[in-house]
Amino acid sequence: MFGGKHWELELTTLLVAVGGMDGTQPAALFDRADGTVLAALVAQLRDVVPDGRVSVLAPEWTAESIRSQLPASVSVTACRTIRIALDEVVRHAYEALAKGDDVGLIDGGIVAHNEALAVVLTEPASGTALLVGEHNGSSGVRTAEDIVVSAGSSVHAVTDPDRDGLGVLRVAQTDLGTLAEAARGISGMGRMSDTASDLVDLVTVGLVRLGTRVQAVPVDPYVLARPHTQLEVGAALVDLREVDEDRLRLVSSGRPDDGLYATLVGRRLARIVTRWAVRSGISANQVTLGALAVALLAAVTFATGTRVGLVAGALVLQIAYVLGCADGEIARYTRRVTPFGGWFDAVSERVKEYAVYAGLCIGAVRAGDRVWILASAMLAVQAYRQMVDAGFAVRSAEWRAEEAPEPLTLPINLRDDVPANAELEPSASAANRSRGSSGGARSHRAVGSSLPRGAMGILDNTNRVPGLVWLKRALTMPVGERWLVISIVAALYGPREVFLALLAVTTVAALYMTIGRMLRSMVHA
Amino acid sequence: MLDQVPPRRGALELYIDAGPLARDIGYALGRVRLPEIPLVLAAGALLGVALARLDGSLGSRQVLFATVGAVVVITGLCWSGPVRGRFGWLLPALVRVMEYAFVARTTAVIAADLEWLAYGYLVVIAFHHTDSVARMRHLGRGPARWVYTAGLGYDGRMLVLAALAVTGTEAYRHGLPIVVALLAVVYLTECTICWIRIPRSEVPAPRTPARARRAQGAHAATSKDAPNTAEV
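Shown next as structure tokens:
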């Protein structure tokens with residue numbers, strides 16, 4: 455159970471599209487120091503998605519030479535035309551649907567960091583997603599709130615593109631039927647698609663125009679290039695080397711909503727633990743279990759009730775805290791984020807804290823003081839805070855879903871993303887779909903009085919002041935801050951003072967959280 | 109999927125943890141919709157007064173028992189349908205505070221030396237709700253439906269303890285540990301069964317909102333909540 459092998463994410467079907475069905479030299483066959491761009495990419499994919507099955511869609515004229523470059527486990531399908539490649543996409547979509555896989559579609563001609571591929575292909579929380587970068591020319595997309603509203607390809611134009619699609623697309627299982635439909639739609643474009651070779655971009659256009667919500671996942675801070683010439687491959691490799699991928703990956707494995715203490719102390723120390731655990735092959739769940747054991751030791755130490763015990767318990771608790779920071783980091787770093795791991799982390803954190811409270815109470819009894827009622831009050835405040843947080847998360851997820859921007863639904867064979875009424879094919883399904891489309895970013899419904907809106911404006915504006923962001927995060931008393939209070943007050947004073955201090959700060963935090971969330975609710979119906 | 113919570117009851121209803129009794133009162137009311145927040149606040153105020161006046165005398169215990177009955181009826185009226193309203197997300201938190209305050213205060217007055225056991229009761233309940241939230245977030249579905257029945261809900265648990273208190277101090281002293289032990293067995297057993305039963309091939313990771321919605325109805329919390337919620 456704790457070996458980290460259970461309850462992993464599903465396998466992923468990975469389709470690498472080489473292009474060049476029109477006879478031109480595809481970027482995938484350019485050389486880089488370690489073989490062709492394609493061979494290096496396939497090796498990267500096998501590293502990023504170890505359980506993934508890689509299939510390469512290669513042009514017929516060079517399929518044999520491609521097959522000889524790649525490991526035998528990679529299947530290479532020779533495609534005479536792009537339509538045959540699109541048929542392969544349809545076939546894989548149905549196969550993956552039957553197996554319960556997601557499908558990754560990757561342009562064979564990209565030069566990228568492993569992590570750039572991983573943010574789309576291995577992120578457990580994302581649905582259908584497209585990797586995007588800064589807009590500087592080809593295959594632009596228009597996005598609104600990180601949803602692709604309109605996508606472009608060599609034969610599809612985009613009005614006002616703000617970013618570039620980077621040729622790495624992941625299609626979630628629920629959208630695989632639409633993927634097949636999109637591939638057939640592109641195929642049905644006739645001559646228009648015969649000259650095209652950017653399969654991934656074309657399929658993205660198809661998906662978006664059929665109304666799929668494709669998330670735009672930024673590649674930043676990693677680097678991905680789609681070189682057009684051999685020279686550009688060299689330039690891209692230089693760009694890649696300028697970024698310390700491993701350090702960035704370690705930093706980004708932390709939680710984005712860490713508190714002040716976690717950022718200043720916990721994360722920095724946790725990174726040392728993470729490095730060590732990753733090197734020694736210790737899984738995240740094993741570290742969670744270890745952190746639990748250390749916290750229970752802290753509780754037992756507190757339970758002695760002596761001054762020495764309180765000071766020692768305070769120190770042991772901080773060790774448990776650092777270990778508790780590292781487990782999620784290890785999971786994210788090793789790409790072994792599992793439902794069980796997330797659950798175990800969340801539940802064990804509570805168990806640890808409540809065991810520490812109990813230890814403090816037992817210690818107090820030994821020293822002739824009864825503080826169980828204060829510990830119970832602390833549980834009540836914590837339960838209240840947890841329920842406010844969880845309840846609001848449920849509601850705000852619903853609000854977000856209601857107000858999310860919708861992709862522009864258009865016929866696939868239309869060149870532009872502005873419906874030209876003369877050219878529009880009156881296909882019934884397309885007409886039905888475009889009736890429902892709202893055309894770009896829908897503004898938030900302005901319901902509710904102007905007072906909370908003004909207050910929310912002030913709240914949101916404070917996020918631009920760096921110090922205030924930290925103050926606000928510390929004000930919510932996340933676990934790091936709470937355990938710091940426990941350690942310091944226990945070491946200097948005693949159990950009763952710990953609970954009084956905790957009750958004071960967490961009650962303020964509970965009020966602050968409640969008021970903030972109520973203000974945020976005011977703008978919704 | 110049959111033993112899972114049906115889609116009609118979303119994540120908020122799960123977090124409220126109303127038992128069969130309170131739910132039946134709600135269902136009996138049918139389509140009549142009452143404002144939930146004022147009702148729950150009123151019930152909380154009633155309970156607060158009864159708890160403040162609790163002094164261990166039989167009279168005050170009877171008042172407490174009657175008040176808990178009233179609280180169950182009043183809050184039960186709120187669950188005639190899915191929770192709505194812009195502040196509906198506050199309800200689980202309010203219900204939680206009521207139950208915690210009831211157990212802590214009642215035990216402190218009736219059996220002061222069992223305060224540690226009241227703490228144990230709260231830890232067991234806290235485990236159950238943390239487990240519910242964590243499973244919704246990381247697995248896309250909550251604990252099996254029978255747990256919410258076997259756990260009696262906040263309403264059933266409060267009524268049982270209030271009945272013990274009114275029966276007598278000895279009954280309360282002997283009943284409380286049994287209640288705590290039974291609840292712990294129910295919650296831990298179901299949780300263990302859940303994780304053992306999940307085969308590797310069928311990991312329901314809540315990757316997409318659509319998938320989670322299919323599994324849980326429109327109220328499902330997906331793992332997407334996670335980045336937007338504070339670690340509290």
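Chain order of the listed sequences is A and B.
Its first residue numbered 455, the first sequence is counted upward by one per residue in this note's numbering.
Its first residue numbered 109, the second sequence is counted upward by one per residue in this note's numbering.
Ideal placement from N, C-alpha and C gives every residue a C-beta, glycine not left out.
A:R722 is outside the set of residues whose beta carbon lies under 7 Å from a beta carbon in chain B. Per DSSP, B:H246 has no beta bridge partner at all.
Per the coordinates, the alpha-carbon of A:E852 lies some 19 Å from the alpha-carbon of A:M967.
For B:P200, at least one C-beta of chain A is nearer than 7 Å to its own C-beta. Within chain A, no residue has its CB atom less than 8 Å from the CB of B:D263, the nearest being about 16 Å off. Comparing alpha carbon positions, the residue from B:Y227, B:E278, B:V241 closest to A:V810 is B:Y227.
As the crow flies, the alpha-carbon of A:T758 is around 10 Å from that of A:C815. Within chain B, the C-beta atoms nearer than 9 Å to that of A:V842 come from W197, L198, P200, A201, V340, in chain order. Listed along chain A are R824, W826, I827, S830, each with a C-beta nearer than 8 Å to that of B:E223. Put simply, of A:V625, A:E699, A:L664 the residue whose alpha carbon is nearest the alpha carbon of A:A670 is A:V625. Annotation for A:A512: no alpha helix (DSSP H) segment contains it, though the beta strand (DSSP E) segment containing it runs 507 to 513. With its beta carbon less than 7 Å from one in chain A, B:Y208 belongs to the interface. Secondary-structure assignment with DSSP links B:T238 through no beta bridge to anything. The C-beta of A:W937 has 16 or more other C-beta atoms within 10 Å across all chains shown, which makes the residue buried. Comparing alpha carbon positions, the residue from A:L511, A:W515, A:V962 closest to A:R537 is A:L511. Nearest CB-CB separation between B:T238 and chain A: below the 7 Å threshold. Residues of the same chain with a CB within less than 6 Å of the CB of A:A716, apart from the 5 flanking positions on each side, are G934 in chain order. Nearest CB-CB separation between A:L833 and chain B: below the 7 Å threshold. Between B:Y208 and B:L230, the gap from beta carbon to beta carbon is short of 7 Å. When secondary structure is reduced to three states using DSSP, B:I124 falls in the helix class. The stretch 800 to 810 of chain A makes no contact with the stretch 953 to 967 of chain A, as fewer than three CB pairs between them are under 8 Å. Using a Cβ distance threshold of 7 Å, B:L185 and B:L225 do not count as a contacting pair. Taking a C-beta distance under 7 Å as the contact criterion, B:Y123 and A:M841 qualify as a contact pair.
Rounded to whole angstroms, the Cβ separation of A:G845 and B:L198 is 7 Å, and the two are in contact under 8 Å. In this chain, the alpha helix (DSSP H) harbouring A:L828 covers 826 to 857. When the alpha-carbon of A:R534 is set against those of A:L492, A:G558, A:D476, the nearest one is in A:D476.
Chain order gives no chain A residues near B:A130, where near means a beta carbon separation below 9 Å; the closest approach is about 17 Å. Boundaries of the beta strand (DSSP E) around A:S529: 529 to 533.
In this structure, A:G563 and A:A497 do not form a Cβ contact; the two beta carbons are roughly 15 Å apart against a cut-off of 8 Å.
The C-beta of B:V231 comes closer than 7 Å to at least one C-beta of chain A. DSSP places A:H978 in the coil class of the three-state scheme, outside both helix and strand. Using a Cβ-Cβ cut-off of 7 Å, B:A226 counts as an interface residue toward chain A, since at least one Cβ of chain A sits closer than that to its own. Only A212, A216 from the stretch 210 to 221 of chain B bring a Cβ to less than 7 Å from some Cβ of chain A.
Against chain A, the CB of B:L172 has no partner CB under 7 Å away; the residue lies outside that interface.
Residue environment for A:A493: buried (at least 16 other C-beta atoms within 10 angstroms of its C-beta).
Taking 7 Å as the cut-off, the Cβ atoms of A:R521 and A:V530 count as close.
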